[in-house]
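**Q** Protein chains in written order, with this note's numbering: chain V, 33 to 148; chain X, 25 to 136.
Please read through the structure below; I'll follow up with questions.
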């Protein structure tokens, strides 16, 4: 069985500061990894994904994440945040086994609050 | 290319009534997934469907919940005899292949 742990439930930062949202996963098989963002009362928007290839993945809105297989981590980073980045961020994992489908297992979410 | 569509966006039901939630996947996507987000919690997988087939329903409650994805029309998540504990946001996602899922805006169900 897979599991995802987002190590911080709340991350407050000041505008223009760097931020890192931490995500660790456990799985007995190879995985795909995702970060989604959810603004209040809205659906989830895909920020970025790791399927294969380079372990450093760049996404939308200036975010990036690095897949570290040995540490089973997929931390999300942004060098300088804006007020508009305030939202809930979810890390998710799915199996790389196509025949079994790709249902996502989500972490509990990290609320990022950017203060002026 | 329109995204994943869900309707209604908000649904209010009284205990014992039925709730029907609809999901139209993105054009060209044949895989549909339903997830539930309870208040103050993350998203939990419910069911995975392809056209006319339920592939994985391991996350569905054993009673009162059912899902379908007919050959024509949207996918439907049906909850019979709703209870207050069913109040949640229900999200549909679709994918073209079995890797990246794109989510709809969700249906927020309130049971009075």
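All C-beta atoms in this analysis are idealised placements derived from N, C-alpha and C, irrespective of residue type, glycine included.
What you are looking at is a predicted structure, and each value in this text was computed from that prediction instead of being measured.
1) Residue 140 of chain V CB to nearest chain X CB: under 9 angstroms?
2) My understanding is that residue 133 of chain X touches residue 43 of chain X, with C-beta atoms under 8 angstroms, so please give their C-beta distance in whole angstroms.
3) What residues from the segment 76-90 of chain V come within 8 angstroms of chain X, judged by C-beta to C-beta, listed N to C?
4) In terms of residue numbering, what span does the beta strand (DSSP E) encompassing residue 89 of chain X cover?
5) With C-beta atoms as the reference, is residue 30 of chain X less than 9 angstroms away from residue 106 of chain X?
6) Within the 9 angstroms Cβ cut-off, does residue 139 of chain X reach chain V?
7) Report buried or exposed for residue 81 of chain V, applying the criterion of at least 16 other Cβ atoms within 10 angstroms of its Cβ.
8) Please classify residue 36 of chain X: is it buried, with 16 or more other beta-carbons within 10 angstroms of its beta-carbon, or exposed?
9) Specify, as a first and last residue, the run of the beta strand (DSSP E) that residue 145 of chain V falls within.
10) Kindly identify the DSSP beta-bridge partner or partners of residue 34 of chain X.
11) For residue 83 of chain V and residue 66 of chain V, what's the separation of their Cα atoms in angstroms?
12) Where do the N-terminal and C-terminal ends of the beta strand (DSSP E) with residue 9 of chain X fall, by residue?
13) By Cβ distance below 8 angstroms, which residues in the same chain neighbour residue 119 of chain X in space, the five residues on each side in sequence not counted?
14) Taking DSSP as the reference, what is the three-state secondary structure of residue 127 of chain V?
15) Could you please give the first and the last residue of the uninterrupted beta strand (DSSP E) stretch that includes residue 107 of chain V?
16) Classify residue 97 of chain X as buried or exposed, calling it buried when 16 or more other Cβ atoms lie within 10 Å of its own Cβ.
17) Do residue 129 of chain X and residue 202 of chain V have their beta-carbon atoms positioned less than 9 angstroms apart in this structure?
18) With DSSP as the reference, label residue 40 of chain V as helix, strand or coil.
**A** With the structure as the only source:
1) Proximity of residue 140 of chain V to chain X, defined by a Cβ-Cβ separation below 9 angstroms, is satisfied.
2) Contact flag correct, Cβ pair sits at about 6 angstroms.
3) 76, 77, 78, 81 and 83
4) Unbroken beta strand (DSSP E) run through residue 89 of chain X: 89-92.
5) no
6) The requested residue 139 of chain X is not part of the displayed model; chain X covers only 25 to 136.
7) buried
8) By the 10 Å Cβ count, residue 36 of chain X comes out exposed.
9) Unbroken beta strand (DSSP E) run through residue 145 of chain V: 142-147.
10) Answer is X:132, bridged to residue 34 of chain X.
11) 9 angstroms
12) Any property of residue 9 of chain X remains undetermined from this structure, which presents chain X solely from 25 to 136.
13) 53, 55, 57, 125 and 126
14) strand
15) First-last of the beta strand (DSSP E) with residue 107 of chain V: 105-110.
16) exposed
17) For residue 202 of chain V there is no data in the structure shown, the boundaries of chain V being 33 and 148.
18) coil
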